[in-house]
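A short write-up of the structure that comes next.
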Amino acid sequence: DVMIRDLEQISIKERDEKFFNLEGMENLIDKTKEIINSAESEICINSTVPIAKFEIEMEKAVKSGVRIILFSNPEEECRIKNVEQYGYFRERWGDEERIMIVADYREVMIGGGKKGSKIIGTFSENPVLVQIVSEHINHDIYFSKLQKKLNKSAVIEEADRTGTIAEKKFFEELNKKG
-3 DVMIRDLEQI
7 SIKERDEKFF
17 NLEGMENLID
27 KTKEIINSAE
37 SEICINSTVP
47 IAKFEIEMEK
57 AVKSGVRIIL
67 FSNPEEECRI
77 KNVEQYGYFR
87 ERWGDEERIM
97 IVADYREVMI
107 GGGKKGSKII
117 GTFSENPVLV
127 QIVSEHINHD
137 IYFSKLQKKL
147 NKSAVIEEAD
157 RTGTIAEKKF
167 FEELNKKG
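Be aware that the sequence shown starts at -3, since it is given in my numbering, and climbs by one per residue.
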């Protein structure tokens, strides 16, 4: 009776929310291609990796009606028609390689690291991670639009900053470049 009661209280997940780890840039690129190929309606990508690495897959996706929103190096113009491309001013790009991709607001992969170091990543269908990465990509787009509108690379005035470790590291790196 106790076991039956306990079993009845177990909730069944609607979908698998496991996290799969990836290692190495080639594995991240391969997984990116796989995600692009499986997308049905929308792909959001934030990548410092040259988009030529998955341009063929992006072109096929666009031809099949998939909307692609790309946040990448603005100096590397995407040659595929109908890809919406955004990017920061050049000084915002560092020595890190990274790929963030969300497909159909259903699956997500994030990964990267410093060039020449160990590259790691994670793939999941976890809805919370999908939402967080989607928000991150959208916020990057909003900031890039503000940069262009205000014609400056740092759009957050010092008085408005939060003082977090991540923010301090970001502005230290930005100041080194500029």
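Ideal Cβ placement from N, Cα and C applies to all residues, glycine included.
Check whether the Cβ atoms of residue i and residue j lie closer than 7 angstroms to each other.
| i | j | result |
| --- | --- | --- |
| Lys111 | Glu131 | no |
| Phe119 | Lys14 | no |
| Gly107 | Ile116 | yes |
| Ala35 | Val62 | yes |
| Ser68 | Ser43 | yes |
| Ile95 | Val45 | yes |
| Glu53 | Ile32 | yes |
| Tyr101 | Ile137 | no |
| Val104 | Val129 | yes |
| Ala99 | Ile39 | yes |
| Ile25 | Lys56 | no |
| Val58 | Ile65 | no |
Under three-state DSSP, which class holds residue i?
| i | result |
| --- | --- |
| Lys110 | strand |
| Val98 | strand |
| Glu131 | helix |
| Glu154 | helix |
| Ile115 | coil |
| Tyr84 | coil |
| Lys148 | coil |
| Ala35 | coil |
Who are residue i's beta bridge partners in DSSP?
| i | result |
| --- | --- |
| Phe15 | Ser120 |
| Leu24 | Answer by DSSP bridge pairing: none, since Leu24 is not bridged. |
| Val79 | Ile64 |
| Val104 | Val98 and Ser120 |
| Glu168 | Paired residue(s): none; Glu168 is not in a bridge. |
| Glu93 | Gly109 |
Provide the residue span of the beta strand (DSSP E) that contains residue i, from first to last.
| i | result |
| --- | --- |
| Asn42 | Glu38 to Ser43 |
Which residue comes first and which comes last in the alpha helix (DSSP H) that contains residue i?
| i | result |
| --- | --- |
| Val(-2) | Val(-2) to Glu4 |
Any beta strand (DSSP E) of 3 or more consecutive residues that is wholly inside the stretch 44 to 72: List check, beta strand (DSSP E) in window: 63 to 67.
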